[in-house]
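Numbered according to numbering that gives the first Met the number 0, the sequence shown spans residues 0 to 134.
Cβ coordinates follow ideal geometry from the N, Cα and C atoms, glycine included.
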Amino acid sequence: MAATMKKAAAEDVNVTFEDQQKINKFARNTSRITELKEEIEVKKKQLQNLEDACDDLMLLDDADSHLIPYQIGDVFISHSLEETQEMLEEAKRSLQEEIEALESRVESIQSVLSDLKVQLYAKFGNNINLEAEDS
0 MAATMKKAAA EDVNVTFEDQ QKINKFARNT SRITELKEEI EVKKKQLQNL EDACDDLMLL
60 DDADSHLIPY QIGDVFISHS LEETQEMLEE AKRSLQEEIE ALESRVESIQ SVLSDLKVQL
120 YAKFGNNINL EAEDS
């Protein structure tokens, strides 16, 4: 038992202010990356809805000269088939750009997290767990 206590005492590492700052930064970035991934999923669902709307518009008969309602905020505005298709394409393009920007931010945060993991595991070894929990 004395050998176990000596081993545990040898494994104890003092946590400096800088170490605590790194741990906090790691936690904040992990939280942020989770939020960004959720936001990406929401945007991907919106993009899929826009693609479905475009597919539905293609099924419309060109002979039908009906105005198509297009939602802007809380209001529906009627447009011709061509105008609606153009608006949907622009919305899809804009949403795709937003998704790409979010994915870029996720990648940059992941590189920061991997650097912090290396530094923290180098100092604390098995005394710290930086792996994400699967819920």
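Whole-angstrom distance between asparagine 126 and isoleucine 39, CA atom to CA atom
Roughly 33 Å between the two C-alpha positions.
Measure the alpha-carbon distance for leucine 58 versus leucine 129 and round it to whole angstroms.
51 Å
Distance check for glutamate 89 and glutamate 97, CA to CA, integer angstroms please.
12 Å
How would you label leucine 66, buried or exposed, when you count the other beta carbons within 10 angstroms and need 16 or more for buried?
exposed
Check the DSSP bridge columns for tyrosine 69 and list the partner residues they point to.
Tyrosine 69 is bridged to Ile76.
CA nearest to the CA of arginine 31, picked from Leu80, Asn48, Glu106, Leu119:
Glu106
Beta-carbon within less than 6 Å of phenylalanine 123's beta-carbon, same chain only, minus the 5 sequence neighbours each way: which residues are those?
Val12
Starting from asparagine 13, trace the alpha helix (DSSP H) in both directions and tell me its first and last residue.
First-last for asparagine 13: undefined, no H or E at that position.
Check the C-beta distance from lysine 36 over to leucine 115 and give it rounded, since I have them as a contact under 8 Å.
Actually they do not touch by this definition, with Cβ atoms about 18 Å apart.
Three-way DSSP call (helix, strand, coil) for glutamate 130 in this model:
coil
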